[in-house]
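See structure below.
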Amino acid sequence: MKAVILDGYRLNPGDLTWKGFSDLCTCEFHEFTALEDTIHRSSDAEVLITNKTVLSESIISQLPRLKYIGILATGYNVVDIEAARKRGIVVTNIPAYSTESVAQTVFAHLLNITQHVAHHANEVKKGRWSRNRDFCFWDTPLIALNGLTMGIIGLGHIGQMVATIAQSFGMKVIAFTSKPQEKLTPGISKVSLETLFQESDVLSLHCPLTKETDKVINEKNLALMKPSAILINTSRGGLIDEPALARALNEGKLFAAGVDVLSTEPPKEDNPLITAKNCYITPHYAWATKAARRKLMDIAVSNLKAFLEGYPQNNVAG
Numbered sequence: 093m094k095a096v097i098l099d100g101y102r103l104n105p106g107d108l109t110w111k112g113f114s115d116l117c118t119c120e121f122h123e124f125t126a127l128e129d130t131i132h133r134s135s136d137a138e139v140l141i142t143n144k145t146v147l148s149e150s151i152i153s154q155l156p157r158l159k160y161i162g163i164l165a166t167g168y169n170v171v172d173i174e175a176a177r178k179r180g181i182v183v184t185n186i187p188a189y190s191t192e193s194v195a196q197t198v199f200a201h202l203l204n205i206t207q208h209v210a211h212h213a214n215e216v217k218k219g220r221w222s223r224n225r226d227f228c229f230w231d232t233p234l235i236a237l238n239g240l241t242m243g244i245i246g247l248g249h250i251g252q253m254v255a256t257i258a259q260s261f262g263m264k265v266i267a268f269t270s271k272p273q274e275k276l277t278p279g280i281s282k283v284s285l286e287t288l289f290q291e292s293d294v295l296s297l298h299c300p301l302t303k304e305t306d307k308v309i310n311e312k313n314l315a316l317m318k319p320s321a322i323l324i325n326t327s328r329g330g331l332i333d334e335p336a337l338a339r340a341l342n343e344g345k346l347f348a349a350g351v352d353v354l355s356t357e358p359p360k361e362d363n364p365l366i367t368a369k370n371c372y373i374t375p376h377y378a379w380a381t382k383a384a385r386r387k388l389m390d391i392a393v394s395n396l397k398a399f400l401e402g403y404p405q406n407n408v409a410g
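In our numbering, the protein residues as written are 93 to 410.
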């Protein structure tokens, strides 16, 4: 059986191995695949492995040998699932592989904003501590997390882990979630969206991008937040109305934001968040620790193996 990896660079830029796949199939590897090259590269494949390469209904209809699509991510919007289902093509995704890594990035952003470790380390190198009259030195507000309220939108695997870590810092946790209160971990309070915006000292986003959540961070909801509040987004860039957030930061209506995702990636140079006050942007790397990518690779291989053995797992087209 022939497998084509259409865009493997994101998962494996060279520090992992594709041996798990090559042990199962005859494999053809590509770091990236442009839209115009997709059909040519996929024409004789029975197995396609994709991360961001789009497999639309039009493309799928031109691949008569195709039996399996493995997506190297949790989200599966890059594949026309209905078109695959009509053809009986199995489509698998990778659930819950980066929970720990993304939660870690949430608190990397939060601790950067509240403690400014890199900034103060750089000031020490500049000699400012050496020239200081006192035994200690800081030139930004230092904010204790203990006693603050962490608000979370979405209590899936990542949101739940963020809640647990927040509680370990002594934070009160409130959440906007579809889960009933009795199903929540002790110490987490279910609240309305309006209450969440009003009461959160830190607001962390962990929900999918849907019609209901599109630009949930908008001018109206930002106006409900405390001027001292901090926003963290490691979920989806489309959850934020970026010009509205930039205005809130620049006008002092929100203290700071830490984001790992933007509406367009890579961002356009004129994205207003790039120059916004107290906005810290990382390049969509929360998922990408080596441990998380190794886990993703292992699950992707396991998905393909299960399919070949006749017992598909993580089939989102089933």
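Just so you know, even glycine gets a beta-carbon here, dropped at the ideal spot from N, CA and C.
Source: prediction; values computed, not measured.
For residue i, is the classification buried or exposed, using 16 other Cβ atoms within 10 angstroms of its Cβ as the cut-off for buried?
i: ASN395; result: buried
i: THR367; result: exposed
i: ASN214; result: exposed
i: GLY279; result: exposed
i: LEU341; result: buried
i: LEU127; result: exposed
i: ALA338; result: buried
Does the distance from the CB of residue i to the CB of residue j come in under 8 Å?
i: HIS122; j: ILE97; result: yes
i: LYS159; j: GLU138; result: yes
i: SER327; j: LEU297; result: yes
i: ALA409; j: ARG177; result: yes
i: SER292; j: MET317; result: yes
i: ASP172; j: ILE141; result: no
At the level of alpha carbons, what is the spacing between residue i and residue j?
i: LEU237; j: ALA336; result: 26 Å
i: PRO233; j: HIS201; result: 15 Å
i: SER320; j: ARG223; result: 31 Å
i: TYR101; j: ILE391; result: 17 Å
i: THR145; j: VAL183; result: 14 Å
i: HIS376; j: LYS360; result: 14 Å
i: TYR189; j: ALA165; result: 9 Å
i: VAL216; j: THR118; result: 55 Å
i: ALA95; j: GLU401; result: 16 Å
i: VAL254; j: ALA195; result: 5 Å
i: GLY239; j: LEU203; result: 15 Å
i: THR302; j: GLY330; result: 9 Å
i: PHE199; j: GLN252; result: 14 Å
i: GLU274; j: ILE266; result: 14 Å
i: TRP221; j: ASP231; result: 11 Å
i: PHE113; j: LEU155; result: 21 Å
Can you give the beta carbon distance from residue i to residue j, rounded, assuming they're within the 8 Å contact cut?
i: HIS249; j: THR191; result: 5 Å
i: THR256; j: ASP352; result: Actually they are not in contact, since the Cβ atoms of THR256 and ASP352 sit about 20 Å apart, beyond 8 Å.
If I measure Cβ to Cβ from residue i and keep anything under 8 Å in the same chain, skipping five residues before and after, which residues do I get?
i: PHE268; result: GLY243, ILE244, ILE245, GLY246, LYS282, VAL283, SER284, LEU285, LEU288
i: SER193; result: ALA378, TRP379, ALA380, THR381, ALA383, ALA384
i: LYS334; result: According to the sequence displayed, residue 334 carries Glu and not Lys. Result list for GLU334: LEU354, SER355, ASN363, PRO364, LEU365, in chain order.
i: ILE186; result: ILE163, LEU164, ALA165, THR166, LEU388, ILE391, ALA392, ASN395, ASN406
I'd like the list of long-range same chain contacts for residue i, defined as Cβ closer than 7 Å, with 5 residues on each side in sequence excluded.
i: ALA398; result: PRO404, GLN405
i: PHE347; result: PRO319, SER320, ALA321, ILE322, ASN370
Measuring from the CB of residue i, is there a heavy atom of the ligand ADP at a distance below 7 Å?
i: VAL171; result: The ligand ADP is not part of this structure, which contains no ligands at all.
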